[in-house]
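Residue numbers (full-length UniProt numbering): 1 to 580.
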């Protein structure tokens with residue numbers, strides 16, 4: 001079997017169905033071979049950042065490792081931002097780039113470069129194949145490593161002459177490796193959770209990625225404890241409508257510490273370090289609060305704060321085991337005779353306390369949600385729309401099975417306060433911070449699961465970084481509803497300067513932060529998309545409600561108020577802790 005045919009055979013056996021790419025000369029052997037491989041669909045993107053973003057969305061929608069093909073040093077450099085996002089969001093993908101022919105690399109030919117050196121900072125591993133007989137082993141290794149916790153992108157450089165070699169190589173079958181079992185020693189964790197008077201849970205993105213949402217719900221309900229989602233979470237890690245769900249922790253250590261201050265034990269599950277946005281002094285964990293941390297990545301437990309009980313293992317089975325053990329421990333407490341000094345009617349005291357705690361949390365959650373919804377409706381009016389009103393109308397219009405892909409930055413904070421999704425994989429975001437991801441990720445999400453409507457909510461600034469992705473949506477007829485929130489500025493940067501009491505704020509002059517003259521209707525037509533502009537919340541709700549029946553992509557422009565119209569506060573999307 002020729003090397004390029006071996007490559008295709010490995011892709012098939014690893015579950016690859018789509019090849020996301022932007023080709024060049026060094027990739028021509030692969031493209032030529034794909035002509036005879038109709039089972040491997042090549043998805044063309046016009047720029048590498050969009051290509052990697054599409055693969056990111058696809059991997060998350062399918063739960064499989066995505067495969068990306070880029071072009072030498074320049075193409076890889078363009079794709080690095082997408083690989084950075086994938087690394088931060090723990091998205092499994094194998095990125096292959098063609099290298100120049102090895103027989104003249106010493107002459108420093110055009111397009112060549114240190115591909116391994118370029119990719120290494122944002123990849124779990126970066127290697128170059130020098131001999132055709134090494135190709136199968138290195139590719140198998142790449143797919144295995146991309147999946148292994150913590151998942152992420154793995155890079156493989158393949159010189160053009162390696163794929164063109166006239167040699168016969170053997171493709172080994174994929175390895176069948178059983179997953180690790182649940183963490184074994186739960187005793188310290190069970191004791192801390194059993195004896196806690198005010199426990200709290202932080203649900204990290206690992207919960208959603210590993211299909212452990214239902215298991216975490218059982219633990220939370222067992223303890224009657226409130227649940228926070230990690231700061232700027234990338235997915236649905238706890239049901240948004242659950243009465244114990246408080247929402248998202250703000251991305252600052254001081255605010256996290258304030259939110260956890262009244263709790264004696266915090267169970268942190270599948271959460272990478274909290275990843276604060278703006279610096280504030282001090283740790284995120286309050287003094288005196290004991291940490292029980294569970295993660296499938298052994299390098300995560302105790303990495304950024306001390307833990308009283310650390311558990312390493314796959315999240316879903318470990319949470320199931322923890323729930324059973326906690327249930328037994330609590331039942332033992334209730335079954336034990338009360339101390340002599342206690343009331344004779346104290347039997348059932350633990351179960352009663354848990355029910356009371358859950359009821360108190362539910363009342364708080366219900367009041368907070370009602371207040372935000374009431375505030376949003378009071379802000380309804382004609383365009384330009386208030387950001388909270390716009391996001392509230394969008395959330396109300398979503399079909400029940402919709403997936404929201406969000407890269408809206410400022411409006412995204414408001415969206416999180418009103419978007420309460422229960423179904424896993426219904427919300428897709430990247431904490432990587434590389435702009436331009438949203439359009440491509442939405443396309444990949446829909447390609448990965450064509451049974452669910454996809455609504456992409458992107459800010460105008462973010463959309464400009466990945467605008468060329470719209471061509472792929474039109475080219476392949478991917479029926480994504482692209483909602484572009486247009487305020488004509490980088491509002492988040494203006495708000496940040498305001499918080500710093502800057503010279504820009506004092507003068508009312510914000511250098512380089514305005515985006516005048518963007519014509520979204522013309523942009524959509526350039527790439528062959530239908531487009532519309534909404535003039536009020538009812539129109540936005542209606543167009544989003546139609547996402548499930550859409551057969552072709554649609555761009556929806558939503559004009560919203562600007563920084564000059566008022567600073568975002570807790571009332572229109574930010575949590576109280578973040579607003580202060």
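Here a beta-carbon is modelled for each residue, glycine too, at the ideal position from N, C-alpha and C.
Beta-carbon gap between residue i and residue j smaller than 8 Å
i	j	result
residue 404	residue 452	no
residue 228	residue 265	no
residue 556	residue 482	yes
residue 437	residue 82	yes
residue 538	residue 399	no
residue 485	residue 411	yes
residue 322	residue 186	yes
residue 529	residue 554	yes
residue 88	residue 430	yes
residue 93	residue 55	yes
residue 251	residue 226	no
residue 50	residue 439	yes
residue 383	residue 534	yes
residue 214	residue 270	no
residue 391	residue 415	yes
residue 15	residue 68	no
residue 122	residue 84	yes
residue 394	residue 457	yes
residue 167	residue 3	yes
residue 280	residue 253	yes
residue 597	residue 97	The requested residue 597 does not occur in the structure, where the chain is confined to residues 1 to 580.
residue 33	residue 11	no
Start and end residues, alpha helix (DSSP H) containing residue i
i	result
residue 331	315-335
residue 42	Run containing residue 42: none in the alpha helix (DSSP H); it sits in the beta strand (DSSP E), 41-44.
residue 612	With the chain running from 1 to 580 in the structure shown, residue 612 is simply not present.
residue 86	72-89
residue 354	349-378
residue 126	Taken as a continuous stretch (DSSP letters only), residue 126 belongs to no alpha helix (DSSP H), being part of the beta strand (DSSP E) at 126-128.
residue 478	First-last for residue 478: undefined, no H or E at that position.
Cα-Cα separation between residue i and residue j, rounded to whole angstroms
i	j	result
residue 304	residue 295	13 Å
residue 18	residue 198	48 Å
residue 637	residue 315	Limits of the chain in this structure are 1 at one end and 580 at the other, which puts residue 637 out of reach.
residue 575	residue 536	Summary for residue 575: the model assigns pLDDT 36, below 50, so the residue's position carries little reliability, and this model does not support an answer.
residue 72	residue 100	7 Å
residue 149	residue 183	15 Å
residue 5	residue 258	57 Å
residue 124	residue 463	28 Å
residue 346	residue 354	At residue 346, the pLDDT of 47 sits below 50, so the modelled position is not reliable; the number obtained from the coordinates is stated separately. Cα-Cα distance, rounded: 14 Å.
residue 511	residue 548	41 Å
residue 219	residue 419	23 Å
residue 344	residue 356	Bear in mind that a pLDDT of 45 at residue 344, under 50, signals an unreliable position, so the number given afterwards is only what the model happens to contain. So the two alpha carbons sit approximately 20 Å from each other.
residue 442	residue 448	10 Å
residue 561	residue 388	10 Å
residue 212	residue 95	28 Å
residue 563	residue 540	21 Å
residue 302	residue 425	28 Å
residue 66	residue 336	53 Å
residue 502	residue 278	16 Å
Nearest residue (CA-CA) to residue i, options the options
i	options	result
residue 472	43, 540 and 48	43
residue 129	252, 148 and 158	158
residue 161	492, 107, 29 and 298	29
residue 273	195, 425, 84 and 284	284
residue 489	461, 548 and 263	461
residue 13	143, 470, 276 and 59	143
residue 104	98, 112 and 97	112
residue 475	320, 524 and 503	524
residue 351	372, 31 and 327	327
residue 23	36, 33, 7 and 45	45
residue 478	408, 58, 371 and 134	58
residue 173	370, 137 and 236	137
Whole-number beta carbon distance between residue j and residue i, since they are thought to touch under 8 Å
i	j	result
residue 1	residue 156	18 Å between Cβ atoms; not a contact.
residue 216	residue 193	13 Å between Cβ atoms; not a contact.
residue 445	residue 454	5 Å
residue 181	residue 317	7 Å
residue 417	residue 247	7 Å
residue 361	residue 244	5 Å
residue 543	residue 385	Not a contact, Cβ separation roughly 13 Å.
residue 468	residue 47	5 Å
Endpoints, the beta strand (DSSP E) within which residue i is located
i	result
residue 532	530-533
residue 482	481-486
residue 559	554-559
residue 97	93-99
residue 245	245-248
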